[in-house]
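In what follows, a structure is listed as structure tokens, so that the remarks can point back to it.
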Amino acid sequence: MVNHTLSFSIITPSYNQANYLPLNLESVVKQTYPYVEHLIYDPGSTDGSIDLARDHAQRHKQVKFYNEPDRGQVHAINKGLAVATGDILTWLNSDDYYIDDSVLADVAQYFEEYPDIDVVYGRGYYIGSDGSILRDAFVHKAGNDFQLSLQHSIGIIQPSLFFRR
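Using our numbering, the letters of the sequence shown map in sequence onto residues 1 to 165.
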């Protein structure tokens with residue numbers, strides 16, 4: 001059995017994503033793994049996203065909300081990485097979410113079982129507006145040849161990417 005001692009920092013950049021943000025926020029807070037901080041950055045949405053994120057942060061101590069100007073999505077992610085305290089880092093865009101409540105527990109277990117591994121990634125799915133899985137987004141046309149796979153397929157699905165500090 002693995003002792004879960006690693007902590008996660010999940011950064012979510014958001015701008016006018018009120019239609020998608022609730023699924024993102026709930027998917028993180030519902031994770032069964034306990035050592036998680038969720039950093040949400042919004043530079044000034046006008047669609048209600050700020051109220052959603054602020055309310056969520058007030059209800060969940062592991063959530064921190066930053067309503068401050070930025071120079072775009074990458075800048076918001078970099079700001080989050082600069083203040084993140086977790087051992088394992090990732091970002092989950094506001095229109096993405098975890099479909100399984102044990103994602104972080106599974107990732108932590110893998111990192112703990114393989115301490116020399118610095119990056120873990122997994123499957124992703126295209127999801128319909130009704131929440132149904134449309135198709136698998138993780139396509140490796142080249143079989144087990146990682147280099148060839150990166151050249152000829154989607155490669156790494158960003159929402160499933162986790163890396164050590």
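Where is the CB? At the ideal position from N, CA and C, for every residue including glycine. This structure is a prediction, so every number in the text was calculated from the model and none was measured.
Nearest-angstrom Cβ-Cβ length linking residue i and residue j, presumed shorter than 8 Å
i, j, result
"Ser14", "Ser94", "4 Å"
"Arg164", "Asp118", "5 Å"
Cβ-Cβ distance between residue i and residue j below 8 Å
i, j, result
"Ala53", "Phe65", "yes"
"Tyr121", "Arg135", "no"
Cα-Cα separation, residue i to residue j
i, j, result
"Ala84", "Ser27", "19 Å"
"Val63", "Ile156", "27 Å"
"Thr56", "Leu92", "In the sequence as presented, Thr is not what sits at residue 56; that position holds His. Their backbone Cα atoms lie some 16 Å apart in a straight line."
"Leu21", "Arg59", "15 Å"
"Ser9", "Asp87", "7 Å"
"Gly80", "Ile99", "23 Å"
"Asp106", "Phe162", "11 Å"
Residue nearest to residue i in terms of C-alpha spacing, selected from the options
i, options, result
"Ser132", "Arg71, Phe8, Tyr97, Val103", "Tyr97"
"Val74", "Ser7, His38, Ile11", "Ile11"
"Ser45", "Glu37, Phe162, Pro159, Asn67", "Asn67"
"Ile50", "Leu161, Val103, Asn16", "Asn16"
"Val103", "Tyr41, Arg123, Asp47", "Arg123"
"Lys61", "Arg71, Asn78, Ile99, Ile40", "Ile40"
"Ser160", "Thr90, Pro115, Ala105", "Thr90"
"Pro43", "Asp70, Asn24, Asn19", "Asp70"
"Asp47", "Asn19, His38, Asn24, Val36", "Asn19"
"Leu6", "Gln158, Pro115, Leu25", "Pro115"
So does the region 28–35 actually touch the region 110–126, counting three or more Cβ pairs closer than 8 Å?
Flag = no, the region 28–35 and the region 110–126 do not touch.
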